[in-house]
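S.K.: Per numbering that gives the first Met the number 0, residue 0 is the first one in the sequence shown, and the count goes up by one each step. Sharing a structure below in structure tokens format, with a few things to ask.
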Amino acid sequence: MRVELQHISKSFGRVWANQDLSLTFEGGQIYAILGENGAGKSTLMKILSGFQSADSGQIVVDGQAVSFEAPTDAIEHGIGMLYQDPLDFPPFTVLENFIAGRPGGFFPDRQAARGILLDLAQRFGFDLDPDAYVDSLTIGERQQLEIMRLLSLNVRVLILDEPTTGISAEQKAQLFDVLKSLAHDDGLTVILVSHKLEDVIELCSSAFVLRQGRLVGQQQIPCDISTLVAMMFGKIVARQERPMSDLGDCVLHAERISLETRRLVVEDVSLDVRAGEVIGLAGLDGSGQNELVRVCCGLLRPDRGAVHIGGREMTGQPYHRFVKHGVAFLPAGRLEEGLIGGMTLTEHFALTLPSRAPWVNWIRARRTAGERIERFNVKGRPGSPIQTLSGGNQQRFALSLLPSNLRLLLLEHPTRGLDVESAMYIWEQLLRRREEGTAIIFISAELDEIVAYSDRILVFFGGRVTLVDDRADMTADRLGELIGGRM
Ligand SMILES: Nc1ncnc2c1ncn2[C@@H]1O[C@H](COP(=O)(O)OP(=O)(O)OP(=O)(O)O)[C@@H](O)[C@H]1O
Ligand SMILES: [Mg+2]
Numbered sequence: 000m001r002v003e004l005q006h007i008s009k010s011f012g013r014v015w016a017n018q019d020l021s022l023t024f025e026g027g028q029i030y031a032i033l034g035e036n037g038a039g040k041s042t043l044m045k046i047l048s049g050f051q052s053a054d055s056g057q058i059v060v061d062g063q064a065v066s067f068e069a070p071t072d073a074i075e076h077g078i079g080m081l082y083q084d085p086l087d088f089p090p091f092t093v094l095e096n097f098i099a100g101r102p103g104g105f106f107p108d109r110q111a112a113r114g115i116l117l118d119l120a121q122r123f124g125f126d127l128d129p130d131a132y133v134d135s136l137t138i139g140e141r142q143q144l145e146i147m148r149l150l151s152l153n154v155r156v157l158i159l160d161e162p163t164t165g166i167s168a169e170q171k172a173q174l175f176d177v178l179k180s181l182a183h184d185d186g187l188t189v190i191l192v193s194h195k196l197e198d199v200i201e202l203c204s205s206a207f208v209l210r211q212g213r214l215v216g217q218q219q220i221p222c223d224i225s226t227l228v229a230m231m232f233g234k235i236v237a238r239q240e241r242p243m244s245d246l247g248d249c250v251l252h253a254e255r256i257s258l259e260t261r262r263l264v265v266e267d268v269s270l271d272v273r274a275g276e277v278i279g280l281a282g283l284d285g286s287g288q289n290e291l292v293r294v295c296c297g298l299l300r301p302d303r304g305a306v307h308i309g310g311r312e313m314t315g316q317p318y319h320r321f322v323k324h325g326v327a328f329l330p331a332g333r334l335e336e337g338l339i340g341g342m343t344l345t346e347h348f349a350l351t352l353p354s355r356a357p358w359v360n361w362i363r364a365r366r367t368a369g370e371r372i373e374r375f376n377v378k379g380r381p382g383s384p385i386q387t388l389s390g391g392n393q394q395r396f397a398l399s400l401l402p403s404n405l406r407l408l409l410l411e412h413p414t415r416g417l418d419v420e421s422a423m424y425i426w427e428q429l430l431r432r433r434e435e436g437t438a439i440i441f442i443s444a445e446l447d448e449i450v451a452y453s454d455r456i457l458v459f460f461g462g463r464v465t466l467v468d469d470r471a472d473m474t475a476d477r478l479g480e481l482i483g484g485r486m
């Protein structure tokens with residue numbers, strides 16, 4: 000199967016998300032779509048998968064022009080996509096989600112569908128219980144389900160938009176094996192949108208690079224990472240050195256925190272953090288690190304143990320009390336928890352800027368929005384609704400909302416979905432806060448990021464801290480073994 004995108008253009012108001020893009024995809028190959036945040040990658044893939052329509056240009060499948068009104072039309076022509084945020088139905092079971100969208104009307108053959116699901120799972124080595132509820136699955140498992148659903152609908156072109164954010168290293172290795180087998184054994188076309196250039200080089204045979212909605216070029220792989228970076232940004236980007244800083248007084252004292260959630264028992268986690276210190280929390284998704292940061296900012300109440308902020312006992316106090324004492328939290332679920340879909344950037348500042356007045360100071364909110372957009376290089380305007388920003392720009396905006404002069408900053412996946420240059424920019428900002436005496440605790444799935452920026456690393460496994468390391472000789476590979484439970 001051969002798919003051509005011809006002269007695709009798409010604008011949103013005054014923004015050209017895609018401008019005269021022409022790309023060709025052949026069967027049996029794995030392609031990468033690269034570009035900085037807001038370059039137009041997701042938009043182009045949404046057009047190819049029928050989720051959005053182009054203003055002009057056409058899609059040609061095996062020599063025939065086609066037009067898609069909806070994702071089901073694209074799937075009928077063999078094109079299916081895994082979106083940046085999963086589009087499944089969490090309150091339903093794995094099997095029910097698998098059946099959704101299948102031909103068969105109101106009376107689908109559940110037994111047959113179960114058989115197909117189990118066969119596919121077995122082929123790929125996925126371990127999914129058809130009767131489990133989707134809201135109990137990890138992001139990686141939800142992806143596995145969606146891939147199997149698309150394959151059972153006979154797609155020949157599989158598009159994945161940033162599939163490796165938020166999944167474990169093991170799930171990633173498994174995913175890559177599946178994608179290689181689909182392309183090389185079954186002749187499918189795989190298209191991967193990613194900011195992780197190491198992944199792209201490992202998996203893909205060719206990369207298309209977009210910049211500001213236009214195609215910069217196509218690069219054959221293998222090639223150097225620096226070649227791709229230079230194409231994406233028009234220049235070389237180098238990681239800065241991590242400056243040493245003096246540590247101050249104890250900011251956070253968490254003592255023998257224990258709690259039980261639906262999925263996990265967290266036991267006996269203790270941590271002391273001093274002003275100016277950066278602590279990286281490593282672990283597979285759901286190993287207890289997310290619970291710890293939530294306890295340390297009042298979003299979860301521990302069953303046992305105590306939390307002190309700046310010497311004051313705060314155990315079990317609500318989040319806003321922690322905020323009053325200089326604690327802030329940036330959650331991973333951008334549009335689920337951190338930001339409010341439907342609200343503009345200005346409205347976010349109207350909500351978050353501290354104020355004693357009983358009315359909203361719109362002038363201040365709009366001015367602040369303008370300043371932060373500028374300072375954090377967010378592609379958007381004060382009046383843009385937050386969901387119209389690209390994934391990476393939403394992340395930058397969420398970071399721009401954090402107040403200054405914090406005692407303690409807790410972050411889940413601070414650079415998730417950011418391009419290389421933006422990720423470094425964000426760390427520059429974080430390290431500046433650290434020099435001002437803010438203590439930083441962050442969770443990341445990027446082991447390189449943890450090794451590069453932490454003064455101390457805590458390794459979580461199964462709800463316990465299995466290692467505290469001052470990172471003198473820690474490497475990402477070693478850390479990978481540790482989070483998998485190997486000592
Ligand atoms: N529904 C929309 N309304 C208005 N503008 C939009 C909409 N969708 C996308 N845009 C704009 O189009 C441009 C391209 O966005 P797109 O999501 O395609 O970028 P991207 O390359 O996927 O970026 P990222 O790496 O951050 O995910 C951005 O400037 C974005 O703000
Ligand atoms: Mg995107």
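From the three backbone atoms N, C-alpha and C, an ideal C-beta is built for every residue, glycine too.
Taking the C-alpha atoms as reference points, what is the distance between methionine 342 and leucine 388?
M.R.: Here the question's residue 342 lines up with position 343 in the sequence shown. Here the question's residue 388 lines up with position 389 in the sequence shown. Approximately 12 Å between the Cα atoms of the pair.
S.K.: Mind checking whether the beta-carbon of aspartate 160 lies closer than 7 Å to any heavy atom of ligand 2?
M.R.: As a position in the sequence shown, residue 160 is number 161, starting the count at 1. Aspartate 160 Cβ: within cutoff of ligand 2.
S.K.: Could you check whether valine 294 and valine 277 sit closer than 8 Å to each other, using their CB atoms as the reference points?
M.R.: Counting from one through the sequence shown, the residue named residue 277 turns up at place 278. Counting from one through the sequence shown, the residue named residue 294 turns up at place 295. Cβ atoms of valine 277 and valine 294: not closer than 8 Å.
S.K.: Could you tell me which of Ala31, Leu94, Asp130, Gln5 sits nearest to alanine 64, measuring between CA atoms?
M.R.: The residue labelled residue 64 in the question sits at position 65 within the sequence shown. For alanine 64, the nearest C-alpha among the options comes from Gln5.
S.K.: Please check the pair leucine 202 and valine 228, which I expect to be a contact at CB under 8 Å, by giving their CB distance rounded to whole angstroms.
M.R.: Counting from 1 along the sequence shown, the entry for residue 202 is found at position 203. Counting from 1 along the sequence shown, the entry for residue 228 is found at position 229. Contact flag wrong, Cβ pair sits at about 17 Å.
S.K.: Taking only three categories from DSSP, how would you classify alanine 305?
M.R.: Translated into positions along the sequence shown, residue 305 becomes position 306. Reduced to three states, the DSSP call for alanine 305 is strand.
S.K.: Kindly confirm or deny that the region 387-403 and the region 331-346 touch, where touching means at least three C-beta pairs closer than 8 Å.
M.R.: Judged by Cβ distances under 8 Å, the region 387-403 makes contact with the region 331-346, as three or more pairs qualify.
S.K.: Of all the CB atoms in chain D, is at least one closer than 8 Å to the CB of histidine 319?
M.R.: Protein chains in the displayed structure number just one, and chain D is not present.
S.K.: Please list the terminal residues of the continuous beta strand (DSSP E) segment that includes isoleucine 29.
M.R.: Indexing the sequence shown from 1 puts residue 29 at position 30. Isoleucine 29 -> beta strand (DSSP E) spans 29-33.
S.K.: Flag this pair as yes or no: are the beta carbons of phenylalanine 344 and glycine 297 separated by less than 8 Å?
M.R.: Locating residue 344 in the sequence shown gives position 345, where the first residue counts as 1. Locating residue 297 in the sequence shown gives position 298, where the first residue counts as 1. Just to set this straight, residue 344 is leucine in the shown sequence, not phenylalanine. No, they are not a contact pair.
S.K.: Suppose you measure from the CA of aspartate 176 to the CA of glutamate 420; what does that come to, to the nearest Å?
M.R.: Looking up residue 176 in the sequence shown gives position 177. Looking up residue 420 in the sequence shown gives position 421. Using only the alpha carbons, I get a separation of about 29 Å.
S.K.: Given glutamate 427, which residues of its chain have a CB within under 6 Å of its CB, disregarding the five upstream and five downstream residues?
M.R.: Numbered from its first residue, the sequence shown carries residue 427 at position 428. If we look at glutamate 427 and ignore the five residues flanking it on each side, it has no Cβ neighbours.
S.K.: For ligand 2, any of its heavy atoms closer than 7 Å to the Cβ of glycine 390?
M.R.: For the purposes of this step, residue 390 is taken as residue 391 along the sequence shown, with counting starting at 1. For ligand 2, at least one heavy atom lies less than 7 Å from the Cβ of glycine 390.
S.K.: Ends of the beta strand (DSSP E) at lysine 9?
M.R.: Residue mapping note: residue 9 aligns to position 10 of the sequence shown, counting from 1. That run of the beta strand (DSSP E) goes 1-11.
S.K.: Using a Cβ-Cβ cutoff of less than 8 Å, which residues in the same chain neighbour leucine 334 once the five nearest sequence positions on both sides are dropped?
M.R.: Translated into positions along the sequence shown, residue 334 becomes position 335. So the list reads Asp84, Gly340, Ile385, Gln386, Gln393, once near-sequence residues are dropped.
S.K.: Between leucine 352 and isoleucine 308, is the Cβ-Cβ spacing less than 8 Å?
M.R.: Against the sequence shown, residue 352 aligns to sequence position 353. Against the sequence shown, residue 308 aligns to sequence position 309. The answer is no: Cβ separation not under 8 Å.
S.K.: Any idea what DSSP makes of tyrosine 82, helix, strand or coil?
M.R.: Here the question's residue 82 lines up with position 83 in the sequence shown. In this structure, tyrosine 82 counts as coil in the three-state DSSP scheme.
S.K.: Looking only at C-alpha atoms, which of Val272, Val265, Cys249 sits nearest to isoleucine 256?
M.R.: Here residue 256 is taken as the residue at index 257 of the sequence shown, counted from 1. Nearest C-alpha to isoleucine 256: Val265.
S.K.: According to DSSP, simplified to helix, strand and coil, what is alanine 281?
M.R.: If you number the sequence shown from 1, residue 281 lands on position 282. Alanine 281: strand per DSSP, three-state reduction.
S.K.: Do leucine 94 and aspartate 61 have their C-beta atoms closer together than 8 Å?
M.R.: The residue given as residue 94 occupies position 95 in the sequence shown. The residue given as residue 61 occupies position 62 in the sequence shown. Cβ distance not < 8 Å, so leucine 94 and aspartate 61 don't count as in contact.
S.K.: Curious, which full-length alpha helix (DSSP H) runs of at least 4 residues does the region 346-415 contain?
M.R.: If we require 4 residues or more, the alpha helix (DSSP H) runs fully inside the region 346-415 come out as 361-374, 390-399.
S.K.: Given threonine 314, which residues of its chain have a CB within under 6 Å of its CB, disregarding the five upstream and five downstream residues?
M.R.: Position 315 of the sequence shown holds residue 314. Once the five neighbours on either side are set aside, the close Cβ partners of threonine 314 are Ala305, Val306.
S.K.: Leaving out five residues before and five after proline 381 in sequence, what residues of the same chain have Cβ atoms less than 6 Å from its Cβ?
M.R.: Sequence index remark: in the sequence shown, residue 381 carries index 382 (1-based). Leu344, Thr345, Arg365, Ala368, Gly369, listed in sequence order.
S.K.: Please confirm whether serine 453 and histidine 412 have their CB atoms less than 8 Å apart.
M.R.: One-based indexing of the sequence shown puts residue 453 at position 454. One-based indexing of the sequence shown puts residue 412 at position 413. Result no, Cβ atoms of serine 453 and histidine 412 do not sit closer than 8 Å.
S.K.: Note down the Cα distance separating leucine 43 from asparagine 17, rounded to an integer number of angstroms.
M.R.: Start at 1 with the first residue of the sequence shown, and residue 43 comes out as number 44. Start at 1 with the first residue of the sequence shown, and residue 17 comes out as number 18. So the two alpha carbons sit approximately 7 Å from each other.
S.K.: Considering only the alpha carbon of each residue, which of Ser55, Gln28, Gly26, Lys9 lies closest to glycine 39?
M.R.: Position 40 of the sequence shown holds residue 39. Per the Cα distances, Lys9.
S.K.: Count the other C-beta atoms from every protein chain shown that fall within 10 angstroms of the C-beta of threonine 163, then say buried if there are 16 or more, exposed otherwise.
M.R.: Locating residue 163 in the sequence shown gives position 164, where the first residue counts as 1. Threonine 163 should be labelled buried.
S.K.: Distance, Cα to Cα, phenylalanine 396 vs tryptophan 361?
M.R.: Here residue 396 refers to the residue found at position 397 when the sequence shown is read from its first residue. Here residue 361 refers to the residue found at position 362 when the sequence shown is read from its first residue. Their backbone Cα atoms lie some 18 Å apart in a straight line.
S.K.: Within the present structure, is the beta-carbon of glutamine 170 separated from the nearest heavy atom of ligand 2 by less than 7 Å?
M.R.: Within the sequence shown, numbered from 1, the residue matching residue 170 stands at position 171. No, since every heavy atom of ligand 2 falls outside the 7 Å radius drawn around the Cβ of glutamine 170.
S.K.: Mind checking which residues open and close the beta strand (DSSP E) that includes phenylalanine 24?
M.R.: Residue mapping note: residue 24 aligns to position 25 of the sequence shown, counting from 1. Here the beta strand (DSSP E) through phenylalanine 24 covers 14-25.
S.K.: If phenylalanine 207 and tyrosine 82 are in contact, beta carbons under 8 Å, what's the gap, nearest whole angstrom?
M.R.: Here residue 207 corresponds to residue number 208 of the sequence shown, with the count starting at 1. Here residue 82 corresponds to residue number 83 of the sequence shown, with the count starting at 1. Wrong, their Cβ atoms sit about 19 Å apart, outside the cutoff.
S.K.: If you drop the 5 nearest sequence neighbours on each side, which residues of the same chain put their C-beta closer than 7 Å to that of aspartate 198?
M.R.: On the sequence shown, residue 198 is found 199 positions in, with the first residue counted as 1. Answer for aspartate 198: Thr163, listed in chain order.
S.K.: Buried or exposed for alanine 99, going by 16 or more other Cβ atoms inside 10 Å?
M.R.: Taking the first residue of the sequence shown as position 1, residue 99 is located at position 100. Classification for alanine 99: exposed.
S.K.: Here's the rule I'm using: 16 or more other beta-carbon atoms within 10 Å means buried, otherwise exposed. How should glutamate 445 be labelled?
M.R.: The residue given as residue 445 occupies position 446 in the sequence shown. So glutamate 445 counts as buried.
S.K.: Are the beta-carbon atoms of phenylalanine 441 and leucine 410 separated by less than 8 Å?
M.R.: Walking along the sequence shown from the start, residue 441 turns up at place 442. Walking along the sequence shown from the start, residue 410 turns up at place 411. Contact flag set, yes.
S.K.: By Cβ distance below 8 Å, which residues in the same chain neighbour histidine 324 in space, the five residues on each side in sequence not counted?
M.R.: Walking along the sequence shown from the start, residue 324 turns up at place 325. Excluding residues within five positions, the ones whose Cβ falls inside 8 Å are Ile308, Gly309, Arg311, Met313, Arg406.
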